[in-house]
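>
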Amino acid sequence: MNTAMIGAFLLLAVPAFFTPGPNNLMLMTSTARFGVARTLPHAIGIVVGFPFMVFVVALGLGEVFAAFPALKLVLKYLAAAYLLWMAWNLLGLRIGEGETRERPLRPHEAILFQWINPKGWVMATSLAAAFVSTGPDRLFSVAAITLGCLVLSPLSTGLWMLFGESLQAFLKKTGTERFLGAVLALLMVAAVIMFFI
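For the sequence shown, the tail end lands on 535 under my numbering, and the numbers increase by one without skipping.
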């Protein structure tokens, strides 16, 4: 990848990595509920799982979705159902309640979630379509975008965990922690709405 291609990759990938989506909102929610240390395994699952998904899609799985567009719709509805279920469970939640009743995602669960994450699929197929060459450099270009995702993923997850920690601190400081569940549920519903816009 030359300098122009790296710049183009960053122009596409940075907004995709850092804007709200299921991974980022789930990390923020988990950090607000359980804290950074307990959410770290979830973040590790995303940092490993999403670049692996990009690698697999770039090697050719993305062509399956091009041939069967209905699969994207199925994934969209599965992810929407999961996020709405999470939103329902978050209503009425207060800081500290999650510590005894539930737990953050484990690394393997976060890795598996990537495969039903519609934003992840859009990102992976877009990156593959834009940057994977069809010539003899194909494997190099697949490795390059995978490496780019391995660099951006921890930066993005770290930022969204920081948002979650800040949200938790703000709610505790202002005595409004009783609104945590409603705020997080609203963010989850907003993510679902964004899937269909």
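Each residue gets a CB set at the ideal place from its N, CA and C atoms; glycine is no exception.
#1: On a Cα-Cα basis, can you pick out the residue from T377, A418 and P407 that is closest to E447?
#2: What does the alpha-carbon distance come out to for the pair T463 and T484?
#3: Looking at C-alpha atoms only, which residue of R516, G519 and W453 is the closest neighbour of P360?
#4: Which residue from K510, G496 and A481 puts its Cα closest to that of P379?
#5: Whose C-beta lies closer than 8 Å to the C-beta of V392 among residues of the same chain, with five residues either side of it excluded?
#6: By the DSSP assignment, the alpha helix (DSSP H) with R516 in it spans what residues?
#7: Candidates V527, I531, G502 and M532: which alpha carbon is nearest N427's?
#8: Only counting runs of 4 or more residues, tell me where the alpha helix (DSSP H) segments fall wholly within the segment 351–380, in order along the chain.
#9: Could you check what DSSP says for F534 in three-state terms: helix, strand or coil?
#10: Kindly list the residues whose CB is nearer than 6 Å to the CB of L416, restricted to its own chain and excluding five residues on each side of it in sequence; keep chain order.
#11: Taking 9 Å as the threshold (C-beta atoms), are T369 and M532 in contact?
#12: For G458, I'd like the list of residues in its chain whose CB is within less than 8 Å of its CB, leaving aside the five on either flank, ordered along the chain.
#13: Rounding to the nearest angstrom, what Cα-Cα distance links P445 and T514 in this structure?
#14: How is the alpha helix (DSSP H) around G398 delimited, first residue to last?
#15: So, helix, strand or coil for L421, using DSSP?
#16: Rounded to whole angstroms, what's the CA-CA distance from P442 to G473? Just pull it up for me.
#17: Is it right to say G398 is buried, meaning 16 or more other beta carbons lie within 10 angstroms of its own, or is it exposed?
#18: Between the C-alpha atoms of F534 and L421, what's the straight-line distance to the nearest angstrom?
#19: Quick check: what's the CA-CA separation for M343 versus T367?
#20: Measure the Cβ-Cβ separation of V530 and A405 and say whether it is below 9 Å.
In terms of the structure at hand:
#1: T377
#2: 12 Å
#3: Taking each of R516, G519 and W453 in turn and checking the Cα distance to P360, the smallest one comes out for W453.
#4: It is G496.
#5: Taking V392 as the centre and dropping the five residues before and after it, the same chain places the C-beta of M461, A462, L465, A466, I483, T484 and C487 closer than 8 Å to its C-beta, in chain order.
#6: The continuous stretches of alpha helix (DSSP H) do not include R516, and DSSP gives it neither H nor E.
#7: Scanning V527, I531, G502 and M532 for the CA closest to the CA of N427 turns up V527.
#8: 360–372
#9: coil
#10: Non-local C-beta neighbours of L416 in its own chain, meaning closer than 6 Å and more than five positions away in sequence, comprise I454, ordered along the chain.
#11: no
#12: The beta carbon of G458 sits closer than 8 Å to the beta carbons of G359, P360, N361, F388, M391 and Q452 from its chain, once the five residues preceding and following it are set aside; these are given in chain order.
#13: Approximately 31 Å between the Cα atoms of the pair.
#14: In this chain, G398 is not harboured by any alpha helix (DSSP H), its DSSP state being neither H nor E.
#15: helix
#16: 43 Å
#17: exposed
#18: 13 Å
#19: 34 Å
#20: The answer is no: Cβ separation not under 9 Å.
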